[in-house]
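> 2 is the number of the first residue of the sequence shown in the numbering used here; add one for each residue after it.
Glycine included, each C-beta is placed from N, C-alpha and C at the ideal position.
Quantities reported herein were computed from a predicted structural model and do not represent experimental measurements.
The structure follows.
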Amino acid sequence: MNVIDLIKEKKERLTKNQAEFRDLIAPQWRDYWNELWQSARNHSWVNWVLDQDRKAIGSDLNNPSVCDDQRAEAMRQRLVAQLGEVIFTGAWMTLDQDRINAFAEVTEDRQWIHTDPERARRESPFKATIAHGFLTLSLIPKLTQAVDEQDSIYNDARMVVNLGLNKVRFPYPLKAGSRIRATKKIVAVEVVSRGLEITEEITVEIDNTRRPACVAETVMRLVY
2 MNVIDLIKEK
12 KERLTKNQAE
22 FRDLIAPQWR
32 DYWNELWQSA
42 RNHSWVNWVL
52 DQDRKAIGSD
62 LNNPSVCDDQ
72 RAEAMRQRLV
82 AQLGEVIFTG
92 AWMTLDQDRI
102 NAFAEVTEDR
112 QWIHTDPERA
122 RRESPFKATI
132 AHGFLTLSLI
142 PKLTQAVDEQ
152 DSIYNDARMV
162 VNLGLNKVRF
172 PYPLKAGSRI
182 RATKKIVAVE
192 VVSRGLEITE
202 EITVEIDNTR
212 RPACVAETVM
222 RLVY
């Protein structure tokens with residue numbers, strides 16, 4: 002029996018049992034029971050609960066827990082087994098002033114705290130220029146090797162689509178000339194049409210610094 006038939010059967014059984022119960026109770030209580038039942042059905046809280054149940058049932062039907070595609074299902078099982086674990090640690094790269102300047106030109110964000118090393122040494126509390134937070138964020142695909150189709154952990158997918166970010170923080174300023182690298186955790190895996198939706202937690206570490214430059218939760222769609 003499939004899910005739809007099961008739901009129909011439960012609905013019919015509930016309706017039948019309700020009618021039998023009304024027939025068994027004393028006649029003087031029948032009107033009271035009917036009024037109570039109608040009042041409950043019209044109550045906003047009851048309707049909200051029923052609506053949540055309908056949404057949950059619909060979600061289960063539209064988002065199965067197992068993929069039809071064998072490659073996608075194998076990937077899902079592997080990622081689910083690694084939930085919460087660090088599954089990737091990238092190589093160190095140096096974020097130099099030239100890259101910061103280039104980003105400033107592209108975005109037209111030329112604040113002196115990013116682009117004027119001499120003034121930064123004199124006036125900044127960091128005593129050096131610092132990278133734009135969005136520059137650090139934009140480097141995540143490179144730092145996690147997502148731009149390298151051969152080395153990506155998702156290289157069996159036909160296409161990888163960036164859906165956006167759930168949240169982003171920049172806990173510590175990233176000084177020009179610092180070395181950074183990224184680590185990756187899988188925090189959620191969901192079966193969707195033609196593939197998987199993956200939520201990752203990316204941490205951009207700074208060499209010899211306890212606090213990270215960036216922590217971001219990214220969302221991607223793997224299409225098979």
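What residue does the beta strand (DSSP E) around Arg245 start on, and which one ends it?
In the structure as shown, the chain starts at 2 and stops at 225, and residue 245 therefore has no counterpart that could be examined.
> Ala189 and Thr200 - do their beta-carbons sit closer together than 7 Å?
Yes, these two residues count as a Cβ contact at 7 Å.
> Applying the criterion that 16 or more other CB atoms from any shown protein chain within 10 Å of the CB defines a buried residue, is Gly85 buried or exposed?
Exposed is the call here.
> Pop quiz: Val193 and Arg159 are said to be a contact at Cβ under 8 Å. What is the actual Cβ separation, rounded to whole angstroms?
About 14 Å separates the two Cβ atoms, so there is no contact after all.
> Closest by CA to Val81, which one among Val224, Glu109 and Glu198?
For the residues Val224, Glu109 and Glu198, the minimum Cα distance to Val81 belongs to Glu198.
> In angstroms, rounded to a whole number, what distance separates the CA positions of Thr130 and Ala103?
Taking the straight line from one Cα to the other gives about 14 Å.
> Assign Arg170 to one of three DSSP states: helix, strand, or coil.
Looking at Arg170 - three-state DSSP - the assignment turns out to be strand.
> Less than 8 Å between the CB atoms is what I'm expecting for Ile187 and Val205, so what's the real figure, rounded?
That pair is no contact at about 17 Å.
> Express the C-alpha separation of Thr145 and Asn209 in angstroms, rounding to a whole number.
Cα to Cα, Asn209 sits roughly 20 Å from Thr145.
> Counting Cβ pairs closer than 8 Å, one from the segment 66 to 81 and one from the segment 106 to 118, do we hit at least three?
No contact exists between the segment 66 to 81 and the segment 106 to 118.
> Cα-Cα, which of Ala147, Arg211, Thr219 and Leu164 is closest to Ala92?
Among Ala147, Arg211, Thr219 and Leu164, the Cα nearest to that of Ala92 is on Ala147.
> By how many angstroms is the C-alpha of Leu140 removed from the C-alpha of Tyr155?
One C-alpha to the other measures close to 18 Å.
> Note down the Cα distance separating Thr116 from Arg122, rounded to an integer number of angstroms.
Near 12 Å, if we compare the C-alpha coordinates of Arg122 and Thr116.
> Just tell me which of Pro118, Arg170 and Gln151 has its CA closest to the CA of Leu136.
Comparing Cα positions, the closest option is Arg170.
> Apart from the five residues on each side of it in sequence, which residues of its chain come closer than 8 Å, Cβ to Cβ, to Pro172?
Excluding positions up to five away in sequence, the list reads Arg212, Pro213, Ala214, Cys215 and Val216.
> Name the DSSP beta bridge partners of Asn163, please?
Answer is Met221.
> If you follow the alpha helix (DSSP H) that Phe240 is part of, which residue opens it and which one closes it?
A question about residue 240 goes unanswered here, because the residues of the chain that appear run from 2 up to 225.
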